[in-house]
Amino acid sequence: MKTIKPLPALVELQRCFKVNPECPSGLERIGAPSPVPGGRARVGKLGPTGGIGSDGYWRVTFKGSSYRIHRIIWALTHDRDPLELVVDHRDGDPLNNHPDNLRACTEAENLQNKRSPGRRDPGVSVGLPKGVKRKGDAYVFSIMVRGEVHVAELANLTAVHSYARKVRDELHGEFARHD
1 MKTIKPLPAL VELQRCFKVN PECPSGLERI GAPSPVPGGR ARVGKLGPTG GIGSDGYWRV
61 TFKGSSYRIH RIIWALTHDR DPLELVVDHR DGDPLNNHPD NLRACTEAEN LQNKRSPGRR
121 DPGVSVGLPK GVKRKGDAYV FSIMVRGEVH VAELANLTAV HSYARKVRDE LHGEFARHD
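Position 58 (the sequence shown) corresponds to 58 in UniProt numbering; numbering is contiguous.
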């Protein structure tokens with residue numbers, strides 16, 4: 001399990017940022033932190049803030065540390081730090097930081113919502129669904145939930161698509177991703 005960096009105090013975030021879905025990153029800087037506790041805030045660049053990091057997520061530097069903006073937006077929207085929870089993008093787009101697209105979840109739930117790597121089956125125009133491999137003339141679907149592996153071998157691609165969707169919906173609920 002990866003370690004998640006805690007956010008600065010919520011009161012500091014509220015003093016310096018506000019959620020603004022009109023900004024590209026979804027976050028606007030409205031003030032700057034004081035370099036000294038209890039001191040006056042520095043004058044800095046106000047307005048839309050953030051840049052896209054090498055990991056593909058919007059990031060902002062605050063008090064010398066880099067933070068993923070979607071975590072700050074979630075915290076400002078819900079008035080609390082998500083702490084050890086992951087903040088998931090419902091639509092799978094790491095650049096869509098609209099508050100309605102963000103939800104706190106466990107790391108396992110976040111992985112359930114992960115996109116397929118886009119593997120192709122030779123001779124078939126449609127990509128294979130997540131968890132599907134070809135085995136001779138059949139297709140094998142496997143999925144693991146809470147350490148338990150569920151496996152099914154099906155005769156054709158239509159059947160495996162339908163079965164995979166049904167099983168993912170049952171086991172992953174709102175976090176099921178089919179592409």
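Every residue, glycine too, gets a C-beta built ideally from N, C-alpha and C. Since the structure is predicted, the reported quantities are computational estimates derived from the model, not experimental observations.
If you compare the alpha carbons of Glu170, Leu46 and Arg165 with that of Lys18, the shortest gap goes to Leu46. In the three-state reduction of the DSSP assignment, Gly47 falls in the strand class, which pools E and B.
Taking the CA atoms as reference points, Asp55 sits about 23 Å from Leu13. Asp169: member of the alpha helix (DSSP H) spanning Leu157 to His172, first to last residue. Rounded to whole angstroms, Lys133 and Leu171 show a C-alpha spacing of 20 Å. Restricted to the region 124 to 155, the beta strand (DSSP E) segments that are unbroken, complete and at least 3 residues in length are 132 to 135, 138 to 145 and 148 to 154, listed in chain order. With respect to the 8 Å criterion, His78 and Tyr57 are not classified as neighbours on the basis of their beta carbons. In terms of CA proximity to Ala75, Leu10 leads the group Ala159, Leu10 and His89. Around the beta carbon of Val149, a 10 Å sphere encloses fewer than 16 other beta carbons of the protein chains shown; the residue is thus reported as exposed. Within the DSSP secondary-structure output, Ile52 pairs in a beta bridge with Trp58. By the CB criterion at 8 Å, Gly26 and Asn97 fall inside the cutoff. A direct Cα-to-Cα measurement between Leu128 and Asp91 gives close to 20 Å. At the C-beta level, Pro48 and Pro24 come within 8 Å of one another. Taking each of Val151, Pro8, Thr158 and Lys130 in turn and checking the Cα distance to Lys63, the smallest one comes out for Pro8.
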